[in-house]
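A quick write-up on the structure given underneath.
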Amino acid sequence: MKIGVVTFPGSLDDRDAARAVRVAGGESVALWHGDPDLRGVDAVVLPGGFSYGDYLRCGAIARFAPVMRTIVERAQQGMPVLGICNGFQILCEAHLLPGALTRNDHLHFVCRDQRLRMERTDTTWTNAYAEGEEIVIPLKNGEGGYVADDATLDRLEGDGLVVARYLDVNPNGSLRDIAGISNPSGTIVGLMPHPEHAVESLTGPSTDGLGFFVSAVRSFAGAKA
Amino acid sequence: MARVVVDVMLKPEILDPQGRAVMGAFTRLGVGGVSDIRQGKRFEITIDGDPTDAQLADLHRMAEELLSNPVIETYELRVEP
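Protein chains in written order, with the working numbering: chain Z, 1103 to 1327; chain F, 74 to 154.
What follows is the structure, encoded as structure tokens:
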């Protein structure tokens, strides 16, 4: 399975995301923000970082990058997309996912190993987890507070679209402790913490993040079989 | 030349931690009687000549799609004399 990882000016975690794809058994393909060609990939990861310096709003300028025009179009047709941190912000700015990410309520940048509860496990990106499974992966953001109006939050909860929720502490003021959400069909997932930093015991607090990438590789193998 | 100003503010129901921090500084600096501070963004757009209806329509589109995020923000656009 070919999974594209987009590099925007200011992306930080594209290398780690590409490595996570390979550790999970997928083939990673580097995609460039200025090139609308997706090079035949089956899915896309929008990695963490500070695309375009986080100018204007996080993800607001990246949303209009040439590569994003193609990704938005293909994602609406069902191509799986995982947005991590800045990638989650870009997915919200592009209106592929509802809500927005705002400045942490305590104003500090936060970097910690974060415990999460996996809640939706039938998506392209989370099917390797058990519902209710608790995982620990790094979290690092300055603008990770998930907000949406009450009607949207109720719909996310009612339709079971919350993918992961913060446990122990709410690190950034996210409403209803939401760490990640999905679209109804489960092909598009946005997550504030960083699974790509927790795929090998040498460098991560756990290998709990690998499941996101294994899930996608497994989904594709299942679809082909 | 004309100047078009776009003011972008967080919606009232969205928490504004930056505004709250500024408010804290007011309190520390002994400025009383202030009940709330909200922080926003101001864009000054200079255009050649007086704006046409088509240009204003473009600017409104930019204000809504790029300069603000309608999920969390509102904007006001005005042409300065």
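Every residue, glycine too, gets a C-beta built ideally from N, C-alpha and C.
**Q.** Interface flag, F/Ala94 vs chain Z, CB-CB below 8 Å
**A.** On the second sequence, residue 94 of chain F is found 21 positions in, with the first residue counted as 1. Cβ-Cβ to chain Z under 8 Å: yes for F/Ala94.
Q) Beta-carbon of Z/Glu1195 versus every beta-carbon of chain F: anything under 8 Å? A) Translated into positions along the first sequence, residue 1195 of chain Z becomes position 93. Judged by the 8 Å Cβ criterion, Z/Glu1195 is in contact with chain F.
Q.
I need the boundaries of the beta strand (DSSP E) containing Z/Leu1148, first residue and last residue.
A. Indexing the first sequence from 1 puts residue 1148 of chain Z at position 46. Residues Ala1145 to Leu1148.
Q | is_contact[F/Pro85, chain Z] using C-beta, thresh 8 Å | A | Position 12 of the second sequence, counting from 1, holds the residue named residue 85 of chain F. With 8 Å as the cut-off, F/Pro85 does not count as an interface residue toward chain Z.
**Q.** Option nearest F/Pro154 by Cα separation, candidates F/Gln91, F/Asp123, F/Phe116 and F/Gly105
**A.** Position 81 of the second sequence, counted from the start, is the residue given in the question as residue 154 of chain F. For F/Pro154, the nearest C-alpha among the options comes from F/Asp123.
**Q.** Burial state of F/Thr100, where buried means 16 or more other Cβ atoms lie within 10 Å
**A.** Counting from one through the second sequence, the residue named residue 100 of chain F turns up at place 27. With fewer than 16 other Cβ atoms within 10 Å, it is exposed.
Q: Work out the CA separation of Z/Val1291 and Z/Val1265 for me, nearest whole Å.
A: In the first sequence, the residue the question calls residue 1265 of chain Z occupies position 163. In the first sequence, the residue the question calls residue 1291 of chain Z occupies position 189. When rounded, the distance between both Cα atoms is 8 Å.
(Q) Strictly by DSSP, which residues pair up with Z/Leu1133? (A) For the purposes of this step, residue 1133 of chain Z is identified with residue 31 of the first sequence, where counting begins at 1. DSSP, once it has assigned bridges, lists Z/Val1108 as partnering Z/Leu1133.
Q. Between the Cα of Z/Met1220 and the Cα atoms of Z/Arg1267, Z/Gly1306, Z/Ser1284 and Z/Leu1193, which residue gives the shortest distance?
A. For the purposes of this step, residue 1220 of chain Z is taken as the residue at position 118 of the first sequence. The candidate whose alpha carbon is nearest that of Z/Met1220 is Z/Arg1267.
Q: Could you say which of Z/Leu1209, Z/Gly1246 and Z/Pro1307 lies nearest to Z/Gln1191 if we only look at CA atoms?
A: Position 89 of the first sequence holds residue 1191 of chain Z. Minimum Cα distance to Z/Gln1191 is reached at Z/Gly1246.
Q. Can you name the residues of chain F whose CB is closer than 9 Å to the CB of Z/Gly1204?
A. For the purposes of this step, residue 1204 of chain Z is taken as the residue at position 102 of the first sequence. First, the amino acid is wrong: residue 1204 of chain Z is Thr here, not Gly. Those within 9 Å of Z/Thr1204 in chain F are Leu83, Ile87, Leu88, Asp89, Pro90 and Ile145.
Q | Touch test, the segment 135 to 150 of chain F against the segment 1205 to 1220 of chain Z, Cβ-Cβ under 8 Å, three pairs minimum | A | no
Q: Could you name the residues of the same chain whose beta carbon sits closer than 7 Å to that of Z/Arg1214, not counting the 5 residues immediately before and after it, in chain order?
A: Within the first sequence, the letter at position 112 stands for residue 1214 of chain Z. So the list reads Leu1241 and Pro1273, once near-sequence residues are dropped.
Q: Check distances from the C-beta atoms of the segment 121 to 140 of chain F to those of chain Z and list, in chain order, the residues that come in under 8 Å.
A: Leu139 and Leu140
Q.
Less than 6 Å between C-beta atoms, sequence neighbours within five positions excluded: which residues of the same chain meet that for Z/Ser1276?
A. Locating residue 1276 of chain Z in the first sequence gives position 174, counting from the first residue. The answer, listed in chain order, is Gly1247 and Tyr1248.
Q | Inside the segment 1135 to 1189 of chain Z only - beta strand (DSSP E) runs reaching at least 3 residues | A | 1145 to 1148 and 1183 to 1186
Q. So with Cβ pairs under 8 Å, would you call Z/Asp1256 a contact of chain F?
A. Here residue 1256 of chain Z corresponds to residue number 154 of the first sequence, with the count starting at 1. No, Z/Asp1256 lies away from the interface with chain F (no Cβ there is under 8 Å from its Cβ).
(Q) Output needed for Z/Glu1259: all residues of its chain with C-beta closer than 8 Å, excluding positions within five of it in sequence on either side, in chain order. (A) In the first sequence, the residue the question calls residue 1259 of chain Z occupies position 157. The residues are Arg1278.
**Q.** Coarse secondary structure for F/Arg76, derived from DSSP in three states
**A.** The count along the second sequence starts at 1 and reaches residue 76 of chain F at position 3. In the structure shown, F/Arg76 sits in a strand (DSSP, three-state: E or B).
Q: Starting from Z/Ala1162, find everything on chain F with Cβ-Cβ shorter than 8 Å and list it in chain order.
A: Sequence index remark: in the first sequence, residue 1162 of chain Z carries index 60 (1-based). Within chain F, the residues near Z/Ala1162 are Leu139 and Asn142.
Q: Compute the Euclidean distance between the alpha carbons of Z/Glu1175 and Z/Val1169, then round it to the nearest angstrom.
A: In the first sequence, residue 1175 of chain Z corresponds to position 73, counting from 1. In the first sequence, residue 1169 of chain Z corresponds to position 67, counting from 1. Computed Cα separation, rounded: 10 Å.
Q: Kindly list the residues whose CB is nearer than 6 Å to the CB of Z/Pro1297, restricted to its own chain and excluding five residues on each side of it in sequence; keep chain order.
A: On the first sequence, residue 1297 of chain Z is found 195 positions in, with the first residue counted as 1. Taken in chain order, the residues that qualify are Ile1239, Gly1311 and Phe1314.
Q.
For F/Phe116, which residues in the same chain have their Cβ closer than 6 Å to its Cβ, ignoring the five residues on either side in sequence?
A. By 1-based counting over the second sequence, the position of residue 116 of chain F is 43. Result list for F/Phe116: Val79 and Leu140, in chain order.
Q | Positions along the segment 1274 to 1285 of chain Z whose CB lies within less than 8 Å of some CB in chain F | A | Gly1275
Q) Around the C-beta of Z/Asp1256, are 16 or more other C-beta atoms found within 10 angstroms, so that it is buried, or is it exposed? A) The sequence position of residue 1256 of chain Z within the first sequence is 154, counting from 1. With fewer than 16 other Cβ atoms within 10 Å, it is exposed.
Q) So, helix, strand or coil for Z/Glu1298, using DSSP? A) Numbered from its first residue, the first sequence carries residue 1298 of chain Z at position 196. Correct three-state label for Z/Glu1298: helix.
**Q.** Which of helix, strand or coil DSSP assigns to Z/Gly1066
**A.** Summary: the structure shown does not reach residue 1066 of chain Z, with chain Z confined to residues 1103 through 1327, and so no result is reported for it.
Q: Determine the burial state of Z/Met1294: buried for a count of at least 16 other Cβ atoms within 10 Å of its Cβ, exposed for fewer.
A: Locating residue 1294 of chain Z in the first sequence gives position 192, where the first residue counts as 1. That one is buried.
Q: Report, in whole angstroms, the separation of the C-beta atoms of Z/Val1107 and Z/Pro1138, which I expect to be a contact under 8 Å.
A: For the purposes of this step, residue 1107 of chain Z is identified with residue 5 of the first sequence, where counting begins at 1. For the purposes of this step, residue 1138 of chain Z is identified with residue 36 of the first sequence, where counting begins at 1. Actually they are not in contact, since the Cβ atoms of Z/Val1107 and Z/Pro1138 sit about 16 Å apart, beyond 8 Å.
Q: Give the straight-line distance between the Cα atoms of F/Arg93 and Z/Val1212, rounded to the nearest whole angstrom.
A: The count along the second sequence starts at 1 and reaches residue 93 of chain F at position 20. The count along the first sequence starts at 1 and reaches residue 1212 of chain Z at position 110. Each residue's alpha carbon lies about 19 Å from the other.
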